[in-house]
Structure formats: structure tokens, C-alpha cells
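See structure below.
In the working numbering, the protein residues as written are 17 to 59.
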């Protein structure tokens, strides 16, 4: 998983924006995409 500081950072952004962050990209390739929650699955 993500380091604690990264998780806290994302949680803060989610709190400020009021929307969940489901995907994180660390580069241009598909292998560099982290899926936190699948965006198309029902809640």
C-alpha cells in the first residue's frame, strides 16, 4: 500500500474537495496507476 504520509495527504485533499480519490497515477504507463477504490463499482 501507500506510505502513511501519502495516505494522509490524499485524505486531506479528499476532505478539502469533498470527493473521493479513487485513482492515483505516478507516471504515464498503466503499470504506474494505483487503484485505491474501483471507480465503477457500486458503493
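Ideal Cβ placement from N, Cα and C applies to all residues, glycine included. If you're wondering where the values come from, they're calculated on a predicted model, not measured in any experiment.
Distance, residue j Cα to residue i Cα
| i | j | result |
| --- | --- | --- |
| residue 48 | residue 42 | 5 Å |
| residue 19 | residue 56 | 25 Å |
| residue 31 | residue 25 | 10 Å |
| residue 111 | residue 27 | For residue 111 there is no data in the structure shown, the boundaries of the chain being 17 and 59. |
Test item: CB-CB of residue i and residue j under 7 Å
| i | j | result |
| --- | --- | --- |
| residue 40 | residue 29 | no |
| residue 23 | residue 38 | no |
Original post:
At what residue ranges does the segment 18-50 contain a whole run of the alpha helix (DSSP H), taking only runs of 4 or more?
Top reply: DSSP assignment within the segment 18-50 yields the following whole alpha helix (DSSP H) runs of 4 residues or more, N-terminal first: 20-33.
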